[in-house]
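Here this note's numbering is used: the first residue of the sequence shown is 12, the next is one more, and so on.
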Amino acid sequence: MSLRRILIADHVSKVLGGAEINLVELLNHPNVSSAWDVTVACAPQSPLDRALADSGIRRVPYGFAPALNELRVIGRGLAPLAKIRGFLELRKATRHLDQLLRQVRPDAVLTPTNKDHFAAGAAARPLKIPSLWWVNDLLIPEFFSWPIRRLFSYKAQKLATHLLPVSAAGADALVAEGLPLARITPVLNGIPLDRYARSKNSDLRQNLQIPADHPLFGVIGRITPWKGQDLFIRIAQAWCASRQKGHFVIIGKAFNEDAPFENALRQQITEAGLSKRVHFTSFQSDSVNALSGLDALLHTSTRPEPFGRVIIEAMATETPVIAARAGGVPSIITADHDGLLATPGDVNDYLRLLMALHDNPLRAASLRLAGLETVRSRFSIDRVFTDFESILAKLPPVPI
């Protein structure tokens with residue numbers, strides 16, 4: 012049986028974001044090499060390129076000029092000059108992908124970001140190559156302006172063969188924008204379970220010099236306003252005001268545009284007198300080590316999360332989770348069974364749940380076991396690969 016030929020296009024050049032981590036873990040699945048002939052178009056020496064260096068996956072140069080690569084549309088509109096520059100660079104990227112598609116002649120092209128959706132979709136359509144849009148964003152007003160949502164919907168109607176949102180909330184958002192349900196198949200994220208087994212040798216507490224009899228609670232993710240690190244600090248302040256033992260750690264990094272927000276967080280901690288109780292540490296290359304050192308993970312996003320990958324990572328490491336009840340999160344957690352759900356932005360609700368968890372070790376142990384079972388049964392990378400195989404099998408053949 013011949014292998015399915017797949018071209019994956021991802022322009023991201025500076026970070027290994029959630030979409031790219033999902034992609035790397037999918038391509039490292041043991042069945043990929045025997046089922047798919049994959050070509051990844053990515054920026055040379057990008058984090059994605061380096062992450063795939065030892066995988067045996069073929070990579071070819073691809074990317075955008077700064078006018079498009081650095082154009083961010085989440086939470087903001089577009090200036091007229093930025094629109095013109097972005098449009099011209101998108102046309103260049105489309106022409107480049109047209110050449111790649113003619114060389115590779117894939118059975119499908121898969122894209123994980125909006126800019127890549129537009130470029131690859133436009134290149135694939137004249138060649139009658141199916142264009143699969145792996146939608147890692149939530150197309151809602153909290154993230155995208157009305158013109159951007161209308162543009163996405165128009166382009167998707169015209170260019171996308173199938174849309175693959177990462178949660179039921181993502182699918183609902185696409186339908187709300189007028190996209191047909193028949194062309195939408197959610198593919199919830201998954202992780203390689205063997206890589207996320209709980210570590211008994213986490214050195215997080217030791218590195219932060221946390222006393223053995225103090226619980227440690229953490230938030231993990233990019234430092235940016237909608238991820239709610241400021242809410243996390245207010246929860247810590249309320250906890251400490253109740254004279255409870257405990258420490259809190261913010262694990263993550265701010266991109267350039269969010270550096271002022273990180274500075275504001277540090278000032279917030281100082282002004283609240285929490286410098287000895289709330290800690291910062293950068294992204295951990297070994298996320299299992301970090302998660303295994305926490306007594307609970309707090310997911311504090313103040314906007315609906317497209318999925319919430321860190322939640323399933325925590326559940327896989329048997330770390331109890333208290334998460335915001337919004338977006339893709341209810342697709343993961345069944346409240347009071349395998350995790351706890353809080354009202355988004357509500358300090359008192361988070362505090363209530365955290366105290367109840369801390370005061371009831373048996374309840375915490377039950378959540379740990381149920382969370383692990385949920386990930387094993389619903390969020391493995393094996394299931395993700397099977398989902399993609401099912402979608403690929405239904406695609407029309409590419410004309411010779």
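Positions of the beta carbon are idealized from the N, C-alpha and C atoms, including for glycine. If you're wondering where the values come from, they're calculated on a predicted model, not measured in any experiment.
(message) For ALA327 and ASP347, I'd like the C-alpha separation in whole angstroms.
(response) Between ALA327 and ASP347, the C-alpha separation is close to 17 Å.
(message) I need the straight-line Cα distance from ASP65 to ARG15, nearest angstrom please.
(response) Their backbone Cα atoms lie some 21 Å apart in a straight line.
(request) Would you kindly check if the distance between the Cβ of ILE392 and the Cβ of ILE426 is under 8 Å? (result) Coverage of the chain is limited to positions 12 through 411, which leaves residue 426 absent and any answer about it impossible.
(request) Pair every Cβ in the stretch 148-167 with every Cβ in the stretch 186-203, then say whether three or more of these pairs are closer than 8 Å. (result) When C-beta atoms of the stretch 148-167 are compared with those of the stretch 186-203, three or more pairs fall below 8 Å, so the two segments count as touching.
(request) Check ILE140 in the structure and name its three-state DSSP category. (result) Three-state result, ILE140: coil.
(request) Measuring alpha carbon to alpha carbon, tell me which of LYS126, ILE32, ASP360 ends up nearest SER298. (result) Nearest to SER298 by C-alpha distance, out of LYS126, ILE32, ASP360, is ILE32.
(request) Thinking LEU27 and LEU59 are a contact (beta carbons under 8 Å), I'd like their distance in whole angstroms, please. (result) Correct: roughly 6 Å between the Cβ atoms.
(request) Output yes or no for whether 8 Å exceeds the beta carbon distance between PRO407 and PRO141. (result) Using a Cβ distance threshold of 8 Å, PRO407 and PRO141 count as a contacting pair.
(request) Run through the stretch 270-302 for me and flag every whole alpha helix (DSSP H) of 4 or more residues, listed as ranges in chain order. (result) List check, alpha helix (DSSP H) in window: 270-282.
(request) Give me the Cα-Cα distance between HIS225 and LYS103, rounded to the nearest whole angstrom. (result) Approximately 56 Å, taken between the alpha carbons.
(message) Does ILE322 come out as helix, strand or coil in the three-state DSSP assignment?
(response) Correct three-state label for ILE322: helix.
(request) Return the residue from the list VAL43, GLN220, VAL71, SER156 that minimises the CA-CA distance to ARG288. (result) Nearest to ARG288 by C-alpha distance, out of VAL43, GLN220, VAL71, SER156, is GLN220.
(message) Does the structure place the stretch 18-25 close enough to the stretch 365-376 that three or more beta carbon pairs sit under 8 Å?
(response) Too few Cβ pairs lie closer than 8 Å, so no.
(message) Can you tell me whether LEU59 is helix, strand or coil according to DSSP?
(response) In the three-state reduction of the DSSP assignment, LEU59 falls in the helix class, which pools H, G and I.
(message) For chain C, check one thing: does any of its Cβ atoms lie closer than 8 Å to the Cβ of GLU31?
(response) No chain C is present in this structure, which holds just one protein chain.
(request) Grab the span of the alpha helix (DSSP H) containing PRO408 for me, first residue to last. (result) For PRO408, no alpha helix (DSSP H) run applies, since DSSP gives it neither H nor E.
(message) Does the structure place the stretch 225-241 close enough to the stretch 249-259 that three or more beta carbon pairs sit under 8 Å?
(response) These segments touch.
(message) Under 8 Å: do the stretch 305-313 and the stretch 263-278 share three or more Cβ pairs, one atom per stretch?
(response) Short answer: they don't touch.
(request) Return the chain-ordered list of same chain residues with a C-beta closer than 6 Å to the C-beta of SER401, the five sequence neighbours on each side being excluded. (result) Excluding residues within five positions, none has a Cβ falling inside 6 Å.
(message) Contact defined as beta carbons within less than 8 Å: I believe ASN147 pairs with GLY29. What is the distance between those atoms, to the nearest angstrom?
(response) Indeed they touch by this definition, with Cβ atoms about 7 Å apart.
(request) Return the bridge partner residues of TRP47 from the DSSP annotation. (result) According to DSSP, residue pairing for TRP47 in a beta bridge involves ARG15.
(request) Out of GLY232, ALA52, PHE294, point me to the one whose CA is closest to VAL71's CA. (result) The shortest C-alpha separation from VAL71 is found at ALA52.
(message) So, at 7 Å on beta carbons, what are the nonlocal neighbours of GLY86 in its own chain, with the 5 sequence-adjacent residues on each side left out?
(response) Note on GLY86: pLDDT 49, under 50, position unreliable in the model; no value is reported.
(request) Determine which residues share a DSSP beta bridge with SER391 and list them. (result) Per DSSP, ILE202.
(request) Pull up the CB-CB distance for ALA381 and PRO355, whole angstroms please, since I reckon it's below 8 Å. (result) So it is not a contact: roughly 23 Å between Cβ atoms.
(request) Tell me VAL26's beta-bridge partners as DSSP assigns them. (result) For VAL26, which the question treats as bridged, DSSP gives no partner whatsoever.
(request) Tell me the start and end of each unbroken beta strand (DSSP E) in the stretch 207-259 that is at least 3 residues and wholly inside, in chain order. (result) Those beta strand (DSSP E) runs which fall completely within the stretch 207-259 and span 3+ residues are 227-231.
(request) With ARG70 as the anchor, note down where its beta strand (DSSP E) starts and where it stops. (result) Taken as a continuous stretch (DSSP letters only), the beta strand (DSSP E) holding ARG70 covers 69-72.
(message) Can you look up ALA76 in the DSSP assignment and give me helix, strand or coil?
(response) Coil, per DSSP.
(message) Would you call the stretch 199-219 in contact with the stretch 277-287, where contact means no fewer than 3 C-beta pairs closer than 8 Å?
(response) When C-beta atoms of the stretch 199-219 are compared with those of the stretch 277-287, fewer than three pairs fall below 8 Å, so the two segments do not count as touching.
(message) Looking at the secondary structure, which residues open and close the alpha helix (DSSP H) in which HIS128 lies?
(response) Start and end: 125-135.
(request) Drop a sphere of 10 angstroms on the beta-carbon of THR345, count the other beta-carbons inside from all chains shown, and report buried for 16 or more, exposed for fewer. (result) When all chains shown are included, THR345 counts as exposed.
(request) With a threshold of 7 Å, establish whether the CB of TRP157 neighbours any heavy atom of the ligand MN. (result) Absence of the ligand MN is noted for the structure shown, with no ligands found whatsoever.
(message) So if DSSP puts PRO176 in a beta bridge, which residue, or which two residues, is it bridged to?
(response) Partner(s): VAL146.
(message) I'd like the list of long-range same chain contacts for LEU302, defined as Cβ closer than 7 Å, with 5 residues on each side in sequence excluded.
(response) These residues qualify, in order along the chain: LEU308, GLU324, ALA325, THR328, THR330.
(request) Inspect the beta-carbon positions of TRP144 and THR122 and report whether they are closer than 8 Å. (result) Closer than 8 Å, so yes.
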